[in-house]
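Report on the following structure.
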Amino acid sequence: MTPQVGIYLKEGESIEAALRRFKRDCANAGIMSEIKRREYFEKPSVIKKKAVEAAKRKRDKKKRLFAKKDKL
1 MTPQVGIYLK
11 EGESIEAALR
21 RFKRDCANAG
31 IMSEIKRREY
41 FEKPSVIKKK
51 AVEAAKRKRD
61 KKKRLFAKKD
71 KL
């Protein structure tokens, strides 16, 4: 569940500044990324498959990084 984001208009603050502050709070809370993630249903098997592939990419990247350090 995503946290609710709300702002109060400060005294003398323009609507544009408040809107920028609201957008920044939404980005920090991760609301837009959560909406994009939930836009389409993904089966649990697909989610697990993506996680395994991401872990493999991360592991391979670390291997390459340490291989470069060993050559130096």
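First residue of the sequence shown? That's 1 in UniProt numbering, and the numbers climb one at a time after it. Glycine is no exception: its CB is placed at the ideal position from the N, C-alpha and C atoms.
What is the rounded straight-line gap between the Cα of residue i and the Cα of residue j?
i, j, result
"Glu11", "Tyr40", "41 Å"
"Glu53", "Glu13", "47 Å"
"Lys69", "Gln4", "45 Å"
"Asp25", "Phe66", "37 Å"
"Tyr8", "Arg20", "13 Å"
"Lys50", "Ala27", "24 Å"
Please classify residue i: does DSSP put it in a helix, a strand, or coil?
i, result
"Val5", "coil"
"Ser14", "coil"
"Arg21", "helix"
Subject >> the segment 29 to 37 touching the segment 48 to 59, judged by at least three CB pairs closer than 8 Å >> reply: no
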